[in-house]
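**Student:** Heads up: the sequence shown begins at 69 in my numbering, then just goes up one per residue. Glycine is no exception: its CB is placed at the ideal position from the N, C-alpha and C atoms. After the C-alpha coordinates below, expect a handful of questions from me.
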Amino acid sequence: MNDDATPATKADIRGLRDEFKAGIGGLRNEFKADICGLHEQITASKDAILHEFHVTVETIRHDLLGANRDEIGQLKDTSGSHERRIRRLERSAGLIA
(Lines of atoms letter the chains of each structure in order from A and count residues from 1; the text may use other names and numbers.)
(Lines give C-alpha, C1' and ligand atoms only; values in the text may rest on other atoms or scores of the structure.)
Protein backbone atom coordinates (compact mmCIF):
# COMPACT_ATOMS: atom_id res chain seq x y z
CA MET A 1 0.00 0.00 0.00
CA ASN A 2 1.38 3.34 -1.01
CA ASP A 3 -1.01 5.83 0.61
CA ASP A 4 -4.45 5.99 2.24
CA ALA A 5 -6.19 6.85 -1.03
CA THR A 6 -4.92 3.80 -2.93
CA PRO A 7 -7.32 0.82 -2.74
CA ALA A 8 -5.99 -2.26 -0.90
CA THR A 9 -5.04 -5.19 -3.07
CA LYS A 10 -5.56 -8.83 -2.23
CA ALA A 11 -1.84 -9.02 -1.48
CA ASP A 12 -2.15 -6.09 0.93
CA ILE A 13 -5.06 -7.79 2.73
CA ARG A 14 -3.16 -11.11 2.88
CA GLY A 15 -0.14 -9.29 4.32
CA LEU A 16 -2.26 -7.62 6.99
CA ARG A 17 -3.93 -10.94 7.78
CA ASP A 18 -0.55 -12.65 8.14
CA GLU A 19 0.78 -9.86 10.37
CA PHE A 20 -2.38 -10.07 12.49
CA LYS A 21 -2.08 -13.86 12.83
CA ALA A 22 1.58 -13.56 13.76
CA GLY A 23 0.76 -10.91 16.38
CA ILE A 24 -2.07 -13.00 17.81
CA GLY A 25 0.16 -16.09 17.83
CA GLY A 26 2.86 -14.21 19.73
CA LEU A 27 0.33 -12.91 22.25
CA ARG A 28 -1.09 -16.42 22.65
CA ASN A 29 2.39 -17.80 23.40
CA GLU A 30 3.10 -15.01 25.91
CA PHE A 31 -0.27 -15.64 27.56
CA LYS A 32 0.43 -19.38 27.78
CA ALA A 33 3.83 -18.71 29.37
CA ASP A 34 2.26 -16.29 31.87
CA ILE A 35 -0.46 -18.80 32.77
CA CYS A 36 2.09 -21.60 33.22
CA GLY A 37 4.20 -19.38 35.48
CA LEU A 38 1.13 -18.40 37.48
CA HIS A 39 0.14 -22.06 37.81
CA GLU A 40 3.60 -22.93 39.14
CA GLN A 41 3.43 -20.09 41.68
CA ILE A 42 -0.02 -21.15 42.86
CA THR A 43 1.11 -24.76 43.18
CA ALA A 44 4.19 -23.72 45.18
CA SER A 45 2.04 -21.54 47.46
CA LYS A 46 -0.46 -24.35 47.94
CA ASP A 47 2.34 -26.77 48.85
CA ALA A 48 3.84 -24.29 51.32
CA ILE A 49 0.44 -23.65 52.95
CA LEU A 50 -0.27 -27.38 53.23
CA HIS A 51 3.16 -27.95 54.76
CA GLU A 52 2.57 -25.24 57.37
CA PHE A 53 -0.90 -26.64 58.07
CA HIS A 54 0.51 -30.13 58.66
CA VAL A 55 3.25 -28.74 60.92
CA THR A 56 0.65 -26.80 62.92
CA VAL A 57 -1.64 -29.82 63.24
CA GLU A 58 1.27 -31.98 64.37
CA THR A 59 2.30 -29.36 66.95
CA ILE A 60 -1.26 -29.14 68.30
CA ARG A 61 -1.50 -32.93 68.37
CA HIS A 62 1.77 -33.17 70.28
CA ASP A 63 0.66 -30.48 72.75
CA LEU A 64 -2.69 -32.23 73.34
CA LEU A 65 -1.02 -35.58 73.90
CA GLY A 66 1.30 -33.98 76.45
CA ALA A 67 -1.57 -32.20 78.20
CA ASN A 68 -3.62 -35.40 78.27
CA ARG A 69 -0.66 -37.32 79.67
CA ASP A 70 -0.17 -34.65 82.36
CA GLU A 71 -3.86 -34.73 83.26
CA ILE A 72 -3.87 -38.53 83.57
CA GLY A 73 -0.74 -38.32 85.74
CA GLN A 74 -2.41 -35.76 88.00
CA LEU A 75 -5.52 -37.93 88.31
CA LYS A 76 -3.40 -40.93 89.27
CA ASP A 77 -1.52 -38.88 91.85
CA THR A 78 -4.74 -37.42 93.22
CA SER A 79 -6.54 -40.75 93.31
CA GLY A 80 -3.68 -42.19 95.38
CA SER A 81 -3.99 -39.39 97.91
CA HIS A 82 -7.77 -39.91 98.05
CA GLU A 83 -7.26 -43.59 98.78
CA ARG A 84 -4.85 -42.78 101.61
CA ARG A 85 -7.29 -40.22 103.01
CA ILE A 86 -10.18 -42.69 102.87
CA ARG A 87 -8.10 -45.38 104.62
CA ARG A 88 -7.08 -42.90 107.34
CA LEU A 89 -10.71 -41.89 107.89
CA GLU A 90 -11.83 -45.52 107.94
CA ARG A 91 -9.13 -46.34 110.53
CA SER A 92 -10.10 -43.39 112.70
CA ALA A 93 -13.76 -44.43 112.50
CA GLY A 94 -12.78 -47.98 113.46
CA LEU A 95 -14.07 -49.54 110.26
CA ILE A 96 -10.73 -51.19 109.40
CA ALA A 97 -7.79 -52.35 111.52
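When the Cα atoms are used, what is the spatial distance from Q109 to T77?
**Tutor:** As a first step, residue 109 must be located in the sequence shown, where it is residue number 41. As a first step, residue 77 must be located in the sequence shown, where it is residue number 9. So the two alpha carbons sit approximately 48 Å from each other.
**Student:** Give the straight-line distance between the Cα atoms of T124 and A112, rounded to the nearest whole angstrom.
**Tutor:** One-based indexing of the sequence shown puts residue 124 at position 56. One-based indexing of the sequence shown puts residue 112 at position 44. So the two alpha carbons sit approximately 18 Å from each other.
**Student:** For the ligand FAD, I want to know if I103 counts as a neighbour, meaning its beta carbon is within less than 7 Å of at least one of the ligand's heavy atoms.
**Tutor:** This structure simply doesn't include the ligand FAD, nor any ligand for that matter.
**Student:** So, helix, strand or coil for G162, using DSSP?
**Tutor:** What you label residue 162 is simply residue 94 of the sequence shown in a count that begins at 1. The answer is coil: DSSP assigns G162 none of H, G, I, E or B.
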